[in-house]
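2 protein chains.
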Amino acid sequence: MKPGRGPFDVWAPRADRLRVVIGGETVEMTRGADGWWTPAEPTPDVAGAAVDYGYLIDDEDTPRPDPRSRRQPAGVHQLSRTDDPATYRWNDAGWTGRQLAGSVIYELHVGTFTPEGTFDAALGRIDHLREIGVDLVELMPVNAFNGTHNWGYDGVAWFAVHEGYGGPDGYRRFVDGCHAAGLGVIQDVVYNHLGPSGNYLPEFGPYLKDGANTWGDLVNLDGPDSDEVRRYVLDNVRMWLEDYHVDGLRLDAVHALSDSGHQHLLEEMAVEVAALSAYQRRPLTLIAESDLNDTRLVRPREAGGYGLDAQWSDDFHHALHVALTGETAGYYADFEPLSALAKVCEQGFFHDGTWSSFRGRYHGFPVDRRAMPAWRLVVCNQNHDQIGNRARGDRFTEALDEHQLGCAAMLTLCGPFTPMLFMGEEWAASSPFQFFTSHPEPELGTATAEGRIREFEQMGWDPDVVPDPQHPETYQRSNLDWTELASGRHARLLEVYRALARLRRERPELTDPSFLSVSCTADEDSRVFTMRRGDLLVVANFGDADVELPVEAGGLLFATGEGVGLEAGTLTLPAHAGAVVSR
Amino acid sequence: MKPGRGPFDVWAPRADRLRVVIGGETVEMTRGADGWWTPAEPTPDVAGAAVDYGYLIDDEDTPRPDPRSRRQPAGVHQLSRTDDPATYRWNDAGWTGRQLAGSVIYELHVGTFTPEGTFDAALGRIDHLREIGVDLVELMPVNAFNGTHNWGYDGVAWFAVHEGYGGPDGYRRFVDGCHAAGLGVIQDVVYNHLGPSGNYLPEFGPYLKDGANTWGDLVNLDGPDSDEVRRYVLDNVRMWLEDYHVDGLRLDAVHALSDSGHQHLLEEMAVEVAALSAYQRRPLTLIAESDLNDTRLVRPREAGGYGLDAQWSDDFHHALHVALTGETAGYYADFEPLSALAKVCEQGFFHDGTWSSFRGRYHGFPVDRRAMPAWRLVVCNQNHDQIGNRARGDRFTEALDEHQLGCAAMLTLCGPFTPMLFMGEEWAASSPFQFFTSHPEPELGTATAEGRIREFEQMGWDPDVVPDPQHPETYQRSNLDWTELASGRHARLLEVYRALARLRRERPELTDPSFLSVSCTADEDSRVFTMRRGDLLVVANFGDADVELPVEAGGLLFATGEGVGLEAGTLTLPAHAGAVVSR
Numbered sequence: 000m001k002p003g004r005g006p007f008d009v010w011a012p013r014a015d016r017l018r019v020v021i022g023g024e025t026v027e028m029t030r031g032a033d034g035w036w037t038p039a040e041p042t043p044d045v046a047g048a049a050v051d052y053g054y055l056i057d058d059e060d061t062p063r064p065d066p067r068s069r070r071q072p073a074g075v076h077q078l079s080r081t082d083d084p085a086t087y088r089w090n091d092a093g094w095t096g097r098q099l100a101g102s103v104i105y106e107l108h109v110g111t112f113t114p115e116g117t118f119d120a121a122l123g124r125i126d127h128l129r130e131i132g133v134d135l136v137e138l139m140p141v142n143a144f145n146g147t148h149n150w151g152y153d154g155v156a157w158f159a160v161h162e163g164y165g166g167p168d169g170y171r172r173f174v175d176g177c178h179a180a181g182l183g184v185i186q187d188v189v190y191n192h193l194g195p196s197g198n199y200l201p202e203f204g205p206y207l208k209d210g211a212n213t214w215g216d217l218v219n220l221d222g223p224d225s226d227e228v229r230r231y232v233l234d235n236v237r238m239w240l241e242d243y244h245v246d247g248l249r250l251d252a253v254h255a256l257s258d259s260g261h262q263h264l265l266e267e268m269a270v271e272v273a274a275l276s277a278y279q280r281r282p283l284t285l286i287a288e289s290d291l292n293d294t295r296l297v298r299p300r301e302a303g304g305y306g307l308d309a310q311w312s313d314d315f316h317h318a319l320h321v322a323l324t325g326e327t328a329g330y331y332a333d334f335e336p337l338s339a340l341a342k343v344c345e346q347g348f349f350h351d352g353t354w355s356s357f358r359g360r361y362h363g364f365p366v367d368r369r370a371m372p373a374w375r376l377v378v379c380n381q382n383h384d385q386i387g388n389r390a391r392g393d394r395f396t397e398a399l400d401e402h403q404l405g406c407a408a409m410l411t412l413c414g415p416f417t418p419m420l421f422m423g424e425e426w427a428a429s430s431p432f433q434f435f436t437s438h439p440e441p442e443l444g445t446a447t448a449e450g451r452i453r454e455f456e457q458m459g460w461d462p463d464v465v466p467d468p469q470h471p472e473t474y475q476r477s478n479l480d481w482t483e484l485a486s487g488r489h490a491r492l493l494e495v496y497r498a499l500a501r502l503r504r505e506r507p508e509l510t511d512p513s514f515l516s517v518s519c520t521a522d523e524d525s526r527v528f529t530m531r532r533g534d535l536l537v538v539a540n541f542g543d544a545d546v547e548l549p550v551e552a553g554g555l556l557f558a559t560g561e562g563v564g565l566e567a568g569t570l571t572l573p574a575h576a577g578a579v580v581s582r
Numbered sequence: 000m001k002p003g004r005g006p007f008d009v010w011a012p013r014a015d016r017l018r019v020v021i022g023g024e025t026v027e028m029t030r031g032a033d034g035w036w037t038p039a040e041p042t043p044d045v046a047g048a049a050v051d052y053g054y055l056i057d058d059e060d061t062p063r064p065d066p067r068s069r070r071q072p073a074g075v076h077q078l079s080r081t082d083d084p085a086t087y088r089w090n091d092a093g094w095t096g097r098q099l100a101g102s103v104i105y106e107l108h109v110g111t112f113t114p115e116g117t118f119d120a121a122l123g124r125i126d127h128l129r130e131i132g133v134d135l136v137e138l139m140p141v142n143a144f145n146g147t148h149n150w151g152y153d154g155v156a157w158f159a160v161h162e163g164y165g166g167p168d169g170y171r172r173f174v175d176g177c178h179a180a181g182l183g184v185i186q187d188v189v190y191n192h193l194g195p196s197g198n199y200l201p202e203f204g205p206y207l208k209d210g211a212n213t214w215g216d217l218v219n220l221d222g223p224d225s226d227e228v229r230r231y232v233l234d235n236v237r238m239w240l241e242d243y244h245v246d247g248l249r250l251d252a253v254h255a256l257s258d259s260g261h262q263h264l265l266e267e268m269a270v271e272v273a274a275l276s277a278y279q280r281r282p283l284t285l286i287a288e289s290d291l292n293d294t295r296l297v298r299p300r301e302a303g304g305y306g307l308d309a310q311w312s313d314d315f316h317h318a319l320h321v322a323l324t325g326e327t328a329g330y331y332a333d334f335e336p337l338s339a340l341a342k343v344c345e346q347g348f349f350h351d352g353t354w355s356s357f358r359g360r361y362h363g364f365p366v367d368r369r370a371m372p373a374w375r376l377v378v379c380n381q382n383h384d385q386i387g388n389r390a391r392g393d394r395f396t397e398a399l400d401e402h403q404l405g406c407a408a409m410l411t412l413c414g415p416f417t418p419m420l421f422m423g424e425e426w427a428a429s430s431p432f433q434f435f436t437s438h439p440e441p442e443l444g445t446a447t448a449e450g451r452i453r454e455f456e457q458m459g460w461d462p463d464v465v466p467d468p469q470h471p472e473t474y475q476r477s478n479l480d481w482t483e484l485a486s487g488r489h490a491r492l493l494e495v496y497r498a499l500a501r502l503r504r505e506r507p508e509l510t511d512p513s514f515l516s517v518s519c520t521a522d523e524d525s526r527v528f529t530m531r532r533g534d535l536l537v538v539a540n541f542g543d544a545d546v547e548l549p550v551e552a553g554g555l556l557f558a559t560g561e562g563v564g565l566e567a568g569t570l571t572l573p574a575h576a577g578a579v580v581s582r
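If you're matching them up, the sequences are chains A and B in order.
Counting in numbering that gives the first Met the number 0, the first sequence runs without a single skipped number right up to 582 at its last residue.
Counting in numbering that gives the first Met the number 0, the second sequence runs without a single skipped number right up to 582 at its last residue.
Here is the structure:
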């Protein structure tokens with residue numbers, strides 16, 4: 000993705016000399032006034048070819064990969080390989096896109112979703128996704144990273160698709176296949192930092208600036224020469240949407256982007272993507288992971304916002320997690336009362352200018368309930384972070400019974416927000432989702448593992464229970480076991496998800512995007528929670544006792560399992576059970 | 000479309016007695032507290048059946064058609080017939096919608112688009128539409144009207160599809176076929192008045208209120224009992240989008256809606272349609288015809304607007320029409336300077352708080368150029384009104400040469416707005432589009448004809464040149480002649496449209512929705528107009544002399560015809576010619 004440039008051109012504004020090594024041959028390069036270098040001699044034709052190449056910067060004699068490399072077949076430290084998108088025959092000419100409004104997202108990690116850990120194998124599970132009502136598949140980062148397996152958030156070659164997953168061709172087959180099945184694809188991308196190993200960008204140019212966030216050095220989005228760094232990001236956005244036909248992006252932790260320029264990168268991105276959407280005549284979606292509890296990100300630009308489409312809202316997760324598990328440590332503390340869940344469902348954010356004890360400060364802004372469609376908030380009851388960032392990477396599946404898991408699904412899928420499922424939750428997968436890495440450098444591997452374990456030790460965990468991220472079994476343990484679907488608790492929960500998906504498609508109340516269509520009650524004593532959605536009433540008994548509730552009810556449309564009954568206007572819910580009833 | 004009601008239920012809050020006549024049998028009805036009546040005895044099962052029925056109001060003995068009738072096989076004065084949407088097997092399960100952004104609309108009148116004048120015949124021309132880059136087909140009103148042929152804006156049975164076009168089944172086949180071909184369907188609907196004959200609504204209830212607009216009595220959108228009248232409108236909206244799978248509505252003359260209630264009907268409509276869009280997980284589009292030059296209609300609700308998607312902007316038409324024809328009578332007067340076209344292309348509205356000599360007052364508000372996507376304005380160089388409301392219903396095709404027609408197409412399709420073509424303009428159809436009616440009542444027919452002729456006489460026209468709307472030849476004359484496509488000027492212009500459609504799909508600059516991407520020049524002496532769109536320059540020579548222009552040009556991408564040349568940075572344009580050149 001070098002718009003208007005040759006395949007071997009590269010930006011290196013501060014280099015004194017640059018050479019490109021192509022298929023073993025070294026070619027001198029010439030610097031243009033804009034800091035882009037171009038080969039001084041003719042280079043091989045790369046149309047349809049796969050040619051290995053790298054750059055010698057100044058007088059260095061080890062070639063570096065292309066900052067915009069499409070393939071890193073031997074890893075992020077080695078030579079790049081050309082990839083010609085034109086070699087692939089797309090079959091999705093009739094695809095007119097899949098809008099976010101009303102859709103259900105399914106988040107998956109390609110490496111652990113199937114035993115094979117590839118795009119092709121993931122595509123083989125597409126019918127499973129359709130049966131649970133999924134509209135958009137969200138892939139955790141697939142860009143090249145250090146080692147063979149990794150969550151993907153420490154990418155260093157943002158334009159390359161991880162070879163182990165199937166590389167660019169596998170990725171194209173995956174997107175194409177999803178479109179054929181009527182599903183859109185959301186790609187998770189990370190622009191707030193670069194990984195700890197394999198980041199050669201600073202040798203090429205001022206990609207970074209002083210300072211660091213939680214994960215690494217800051218990207219230079221607003222200093223001198225930042226126009227070209229921003230184009231690096233924006234061209235990456237375009238690559239996924241144009242070259243790979245992806246339907247949207249999930250932008251990792253946008254609160255960690257450091258940009259005090261005249262237009263925030265996110266707004267510029269929204270403008271470019273809106274233009275691309277008009278050009279391609281299909282919806283293209285931008286979803287931010289944001290910890291800011293500020294809808295400015297997702298307000299239309301006509302309303303003074305940045306114009307993104309949606310943002311994650313962790314408050315829903317926290318309120319639901321606490322209601323289900325009773326955990327109140329750390330950032331869960333403020334969510335202890337059941338009324339927190341009611342506030343979240345009715346108003347979007349719990350922290351909307353309220354005191355956040357975890358942050359030690361006031362936090363957030365209210366949502367415009369009159370006008371903002373609730374689908375702009377993407378919610379979940381589990382995701383890679385909420386599972387994987389626990390000490391043991393355990394799913395709450397372990398601790399909860401079937402009614403509780405059904406309630407988690409019911410409240411996620413029957414609320415007004417955009418639901419996102421995390422792979423395996425639909426059958427209470429027994430596999431954890433642990434933090435895993437595979438850094439080939441022993442020191443980095445040790446440092447990563449020790450850092451991880453120390454972090455949890457400081458929180459009071461026994462270090463022995465924290466899995467070593469570098470140990471291959473940590474990765475293998477996180478792989479889904481598809482054989483368990485067929486029976487018992489797994490099969491029953493899967494049927495619960497399918498039933499909820501059917502209900503969601505049948506009843507328009509459940510996708511009504513108006514916050515004004517939601518009203519909740521939360522009984523702190525009995526721990527009974529109700530959510531009214533038009534003619535439907537969603538009821539969850541978070542308490543440990545059976546309850547009988549008078550309801551203005553015509554029919555029982557859904558129940559989390561055995562023991563739920565509706566008779567003569569009385570709804571019976573065993574402990575932990577939930578139901579959807581119609582008027 | 001009687002959500003939650005029986006097929007023969009009807010709202011008649013002020014009737015003392017109501018009977019329904021079903022297949023010749025008269026059944027007494029019972030009034031509910033909400034003013035809805037329901038048969039007091041069992042009625043025939045209408046699933047899959049076509050049953051004729053009508054209502055006897057109070058002691059009247061002539062049955063009236065159902066206000067929500069789906070079929071009026073013998074005309075708008077006669078019995079209604081049931082239609083069961085479930086009898087049709089839709090094939091568009093994979094259809095994920097067609098968004099407006101970036102799309103091209105094609106407006107057509109079903110009765111005159113083909114010799115047959117039916118939905119099925121129109122569908123037979125779908126490849127023609129695809130070849131000229133059409134994404135959305137907009138049908139002039141298809142609801143039942145008085146007589147056999149009519150433009151359709153005087154509908155009285157808003158829920159019935161005109162039998163002559165093919166009725167509900169033909170309509171379903173049309174929409175389904177469009178979806179199969181990748182095209183969406185926009186339906187033109189009229190909610191600002193009812194036609195002069197066949198309007199029995201006032202006998203049933205307070206559908207109307209005191210006062211009238213240009214076309215008829217005001218609809219009761221805000222007086223007592225208006226909730227149910229609003230539901231009549233809103234349920235009609237839902238009928239097209241839900242039952243008929245239509246992709247959007249064009250709302251006729253919304254400035255003539257009289258609504259001073261707590262929420263304007265248009266905002267309520269936008270809210271309902273947004274919810275329906277989320278439910279159906281596909282874009283549903285609302286386009287207003289508005290004479291207000293106020294983007295409040297199309298601002299997102301999050302920005303304090305009504306939340307419609309787009310609105311017509313006549314200013315573009317007027318500026319272009321004047322530039323092409325030199326006509327400056329009536330509402331064209333203010334558009335005489337070529338700079339008017341430049342202002343429109345750069346800023347959306349010409350009248351944005353400026354003096355309107357035709358209106359005799361200041362008019363309009365500026366567009367938010369920073370944030371509003373330009374596709375929210377739908378523009379054309381011809382449409383049913385701009386042609387048909389001329390004295391003779393003549394297309395400007397008659398008066399213009401091929402270069403000029405090419406310029407009209409070029410500026411419509413290469414500007415930042417949503418282009419709308421009017422059937423036949425793409426081949427300079429020789430048929431006019433005249434105002435035609437077929438009122439069976441002699442007095443009404445005479446009154447309509449005389450009114451029309453008098454109106455133009457008052458504007459100074461010879462009454463003999465104004466066609467009689469009631470004369471069958473006026474209708475027949477307006478029918479497109481598809482045989483003329485094959486040769487001469489018609490064939491050449493069609494090729495111009497196809498070339499422009501290709502260019503529009505190829506070059507992202509042309510669909511860039513940012514007003515900031517447009518900058519124009521207008522030379523009042525030479526009458527040369529230029530519009531910069533990124534790397535492209537669109538040039539039209541409205542003058543009568545050949546011109547040579549220095550351009551920073553890499554290539555000639557489009558020319559309106561012979562004689563256009565680009566050499567050594569000089570663009571040669573014969574009189575009236577236009578071109579698109581790249582940097």
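By construction, the Cβ of each residue, glycine as well, lies at the ideal position given by its N, Cα and C atoms.
For clarity, every value in this text was computed on a predicted model and none was experimentally measured.
Run through the DSSP bridge pairs and tell me what residue i is partnered with.
| i | result |
| --- | --- |
| residue 123 of chain A | Answer is none; residue 123 of chain A lacks a bridge partner. |
| residue 362 of chain B | B:353 |
So, for residue i: in the same chain, excluding its five sequence neighbours on each side, which residues have a beta-carbon less than 7 Å away from its beta-carbon?
| i | result |
| --- | --- |
| residue 68 of chain B | 79, 156, 158 and 159 |
Considering only residues of the same chain and omitting the five flanking positions on each side of residue i, which have a CB-CB separation below 8 Å?
| i | result |
| --- | --- |
| residue 177 of chain B | 122, 125, 136, 183 and 184 |
Whole angstroms is fine: what's the gap from residue i's alpha carbon to residue j's?
| i | j | result |
| --- | --- | --- |
| residue 251 of chain A | residue 530 of chain A | 31 Å |
| residue 269 of chain B | residue 233 of chain B | 10 Å |
| residue 508 of chain A | residue 104 of chain A | 19 Å |
| residue 208 of chain A | residue 294 of chain A | 28 Å |
| residue 485 of chain A | residue 369 of chain B | 55 Å |
| residue 550 of chain B | residue 142 of chain B | 51 Å |
By Cβ distance below 6 Å, which residues in the same chain neighbour residue i in space, the five residues on each side in sequence not counted?
| i | result |
| --- | --- |
| residue 87 of chain A | 171 |
| residue 416 of chain A | 373, 376 and 378 |
Could you round the C-beta distance between residue i and residue j to whole angstroms and report it? I think they count as a contact, below 8 Å.
| i | j | result |
| --- | --- | --- |
| residue 283 of chain B | residue 380 of chain B | No, residue 283 of chain B and residue 380 of chain B are not in contact; Cβ-Cβ is about 27 Å, not under 8 Å. |
| residue 432 of chain A | residue 394 of chain A | 7 Å |
| residue 191 of chain B | residue 174 of chain B | Not quite, the Cβ-Cβ distance comes to about 24 Å (not below 8 Å), so this is no contact. |
Run through DSSP, which three-state label would residue i get?
| i | result |
| --- | --- |
| residue 401 of chain B | helix |
| residue 208 of chain B | strand |
| residue 131 of chain B | coil |
| residue 105 of chain A | strand |
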